[in-house]
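A short write-up of the structure that comes next.
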Amino acid sequence: MNRSKNFSLYSLSWPIFVDILLHFSTILINTYMIGRVSTAYLAAIGIGNQIFDLFITIFNFISVGCGVVVSHYLGAGKNDKANQAIHISLAFNFIIGFLSTSIVLLFSNDVLNIMNTPTHLLIHSHTYLSTLSFSLTLESISVILSTCLRVYGKSKFAMFITFIANIITILGNLAVLYGFFGFPKFGLIGVSCSTAFGKLCSIILLFSFLFYRMKINFIPIFLLRWSSQILKKILQIGLPAAGENLVWILQYMISSAFINLIGETALAAQTLYFQMSLFIMLFGISIGIGNEIIIGHLIGARRFNCAYKRGTKSLTIGFFITIIMVFIFWCFRVSLLGLVTKDQNIIKILSPIFLISIFLEPGRTLNIIVVNSLRATGDAKFPFFIAIISMWGIAIPIGYFFGIKMEMGLAGIWIGFLLDEWIRGFINSCRWFSRTWEKNSIKK
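This is the structure we're talking about:
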């Protein structure tokens, strides 16, 4: 039986949008709850979550490769191969997750010292990070299961499972932070345990739905008997994807160092606006992921013309939705700024950033959707190398020149971001429209 279907972009993308939105919302709610208990707790989880996010980036590289390879096999009607790819990805990511947990448990103090964690926060940060480390193994499994559900067209169920797991985590935090439901107050240990329990519930639900409700055969021997050919295909797509994300993270860290030179107010402004801009980015991200799934199926079925038309149409939809959203943000910028801050200095700094974003965000969406389209065809190395050249050769030096040398401040840094997004977007789009990617698609 061929499990590949003609999915609609809307049916795949809106649950992904809500899923990611729920994830960000839960982070904000948890931050608010912890901040009400202790500012020291809040600072400690901020440090711990930076490390946690780095490991999640590592886990995601297998999930990206898994998603593309499984969709190709499903499109080609090779369900047994798709099943093998799922098992290999689960086993491989479990090993990475287990090693990550071990590293954090053994070297958490060293990592915290490298990050120049203030002495008064070391105990809280170590406690939180050590307990949270067990969530890393769970996260490594969860990300694969969630990806597989989406690839099979069940993004709506992945969304519902995320919602249930988030509710469990929030209720758990209420119990361990405030003593609700008769629980004693456990502080940060309780928060990390609550996070791990929510993630465990998520895995149980995802696993049950994928292997029992959808009747995909779970074959334990596949977890141990790996096909080197399938693993190679997963890594060929996943490693460049991870590399691109790491390049972006390093670029952002260096840009943040430039902003530190400008001053604390500029850094606060950057933090505030980046959180607001995530909402605009969600449209591009969700459309990009949904589009990637559809193109993956079409490439597997060797329907290259349909894949090309689908990618081009998705790009057009995402581009115009972003333009609409960014103009709404521009029109309501005064009200939005009034909601997040009363500091007039921050408001003054952010006003030109809203204007720059009118031009930047469509370019960012262009990049997200085109890069996901190229990855879906198996052409993952090209956008990775372009990212290295553009981010390090354009965003960083131009941001430094305008922001620091020309004393334009935060606006100068964002001009560097703007030029990087559009130049990368233009080059990656040329790659897509040239259809060079057809020869890079995974062969039957």
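Numbering-wise (my numbering), the sequence shown opens with residue -16 and increments by one. For every residue, glycine included, the Cβ atom is placed at its ideal position computed from N, Cα and C. The structure displayed is predicted, hence computed values, not measured ones.
### Alpha-carbon spacing of alanine 284 relative to glycine 58, whole angstroms
5 Å
### Query
If you run the structure through DSSP and keep just helix, strand and coil, what is isoleucine 199?
coil
### Where asparagine -15 sits in the DSSP three-state scheme
In this prediction, asparagine -15 scores a pLDDT of 48, lower than 50, which makes its location untrustworthy; no coordinate-derived value is stated.
### Identity of the residue in Met16, Ile28, Tyr383, Cys289 nearest leucine 112 by Cα
Ile28
### Message
Rounding to the nearest angstrom, what Cα-Cα distance links lysine 137 and isoleucine 3 in this structure?
### Response
15 Å
#### Entry: asparagine 355 versus glycine 271: straight-line alpha-carbon distance, rounded
6 Å
### Task
Assign isoleucine 369 to buried or exposed, taking buried as 16 or more other Cβ atoms, counted over all protein chains shown, within 10 Å of its Cβ.
buried
### Message
Assuming proline 380 is part of the alpha helix (DSSP H), what are its boundary residues?
### Response
379 to 383
### Query
At what residues does the alpha helix (DSSP H) containing histidine 280 begin and finish?
247 to 283
### Query
Alpha carbon to alpha carbon, what distance is there between glutamine 212 and isoleucine 341?
45 Å
#### Entry: Where proline 335 falls: helix, strand or coil (DSSP)
helix
### Query
Do you know offhand how far glutamate 404's Cα is from isoleucine 242's?
19 Å
### Task
From the DSSP output, in three-state form, read off threonine 110 for me.
helix
### Query
For glutamate 247, does the count of other Cβ atoms within 10 angstroms reach 16, so buried, or fall short, so exposed?
exposed
### isoleucine 387 versus glutamine 67: straight-line alpha-carbon distance, rounded
52 Å
### Task
Using alpha carbons as the reference points, say which of Ser83, Val52, Ser177 lies closest to leucine 157.
Ser177
### Task
Out of Ile372, Ala179, Ala240, Ala252, point me to the one whose CA is closest to glutamate 227's CA.
Ile372
### Task
For the alpha helix (DSSP H) holding tryptophan 209, just list the boundary residues, first then last.
Neither: tryptophan 209 is in no alpha helix (DSSP H) and is coded neither H nor E.
### Task
Please indicate yes or no: does the CB of histidine 55 lie closer than 7 Å to some heavy atom of the ligand ADP?
The model on display carries no ligand, and the ligand ADP is accordingly not part of it.
### Pick from Leu320, Glu344, Arg347 that is closest to serine 334, judged by C-alpha positions
Leu320
### Query
Excluding the five sequence neighbours on either side, which residues of its own chain have a C-beta within less than 7 Å of the C-beta of tryptophan 415, listed in chain order?
Gly294, Val353, Ser356, Leu357
### Query
For glycine 392, does the three-state DSSP call read helix, strand or coil?
coil
### Query
Between serine 72 and isoleucine 127, is the Cβ-Cβ spacing less than 8 Å?
yes
#### Entry: Span of the alpha helix (DSSP H), counted from its first residue to its last, around aspartate 2
-8 to 20
### Query
Can you name the start and end residues of the alpha helix (DSSP H) that tryptophan 313 belongs to?
287 to 314
### Task
Note the first and the last residue of the continuous alpha helix (DSSP H) segment covering leucine 73.
62 to 97
### Task
Report yes if the CB atom of alanine 23 is closer than 8 Å to the CB atom of histidine 109, and no otherwise.
no
#### Entry: Integer-rounded CB distance, given that leucine 189 should sit under 8 Å from serine 129
6 Å
### Task
Hey, could you find the ends of the alpha helix (DSSP H) alanine 158 is sitting in?
138 to 161
### Task
In angstroms with no decimal places, state the Cα-to-Cα distance between leucine 265 and methionine 236.
21 Å
### Message
At the level of alpha carbons, what is the spacing between glycine 18 and isoleucine 10?
### Response
12 Å
### Query
With a CB to CB cut of under 7 Å and the five nearest residues on each side skipped, what residues in its chain are close to glycine 155?
Ser177, Phe180, Gly181
### Query
Can you round the beta-carbon distance between methionine 142 and proline -2 to whole angstroms, since I take them to be within the 8 Å contact cut?
4 Å
### Query
With a Cβ-Cβ cutoff of 8 Å, do serine 185 and isoleucine 144 count as a contact?
yes
### Query
Closest by CA to arginine 286, which one among Leu214, Thr360, Asn43?
Thr360
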